[in-house]
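In this text, residue positions in the sequence shown follow the working numbering: the first is 3, and each later residue adds one.
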Amino acid sequence: MDAFAAPRTYDRDALTKMAHEMHERNFNCVQAVSCAFATVLGVDKDLCFRLGEGLGGGLATHTETCGALLGGAMVLGLVRSNGYANPTSKEATYELSKKLVSRFRAIRNTTVCEEIRALDTTGTTPLPICIDCIRQSVLLTADVLEELAEEMDSAK
């Protein structure tokens, strides 16, 4: 695997705090999750920010797939992909993303932004439910990454 040298463990409190601070600074949910991880992965935060810009609001405000979940999937791709020169890792990356989606869905009963946001009746901005989805995505993404690290260590 030609993936980034990712940490073996993640400080979930620090990642969650970073993601929430970014969201408060007007990052969308995708950007908040992916940029928080970019910091610890040594990935260009500005590039993550730019790549995630059109994906917020459930894919360009169409309230489709939850942006926090999309941000987590982006992170998994950053870590697991073999990269441009060796496009052979997508199935392995899909498996990681499927774990993330399955676990997120088990908590939220959906991955659809519109359905998640409909549950928030506070009328406040940013929506508390979005903040919670960001937290959940950060935690679940860290879990999947740590499991990947364990698998890679076991395979050695």
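Backbone N, C-alpha and C define an ideal beta-carbon position, used for all residues, glycine too.
Note that this is a predicted model, so its numbers are computed, not measured.
Straight through space, the alpha carbons of G73 and D13 are spaced by roughly 18 Å. Under DSSP, V114 forms a beta bridge with T67. The C-beta separation of G60 from T67 comes to about 6 Å, placing the pair in contact by the 8 Å criterion. A contact is defined here as three or more CB-CB pairs under 8 Å, and the segment 137-152 meets this definition with respect to the segment 99-112.
T18 counts as buried, since at least 16 other C-beta atoms from the protein chains shown sit within 10 angstroms of its C-beta. Membership of R52 in the alpha helix (DSSP H) is indicated by the continuous run 47-54. Only exposed fits R27, as fewer than 16 other CB atoms lie within 10 angstroms of its CB. Put simply, of N111, A16, L57 the residue whose alpha carbon is nearest the alpha carbon of C31 is L57.
The continuous alpha helix (DSSP H) containing A40 extends over residues 31-43.
No Cβ-Cβ contact shorter than 8 Å links E23 with T65.
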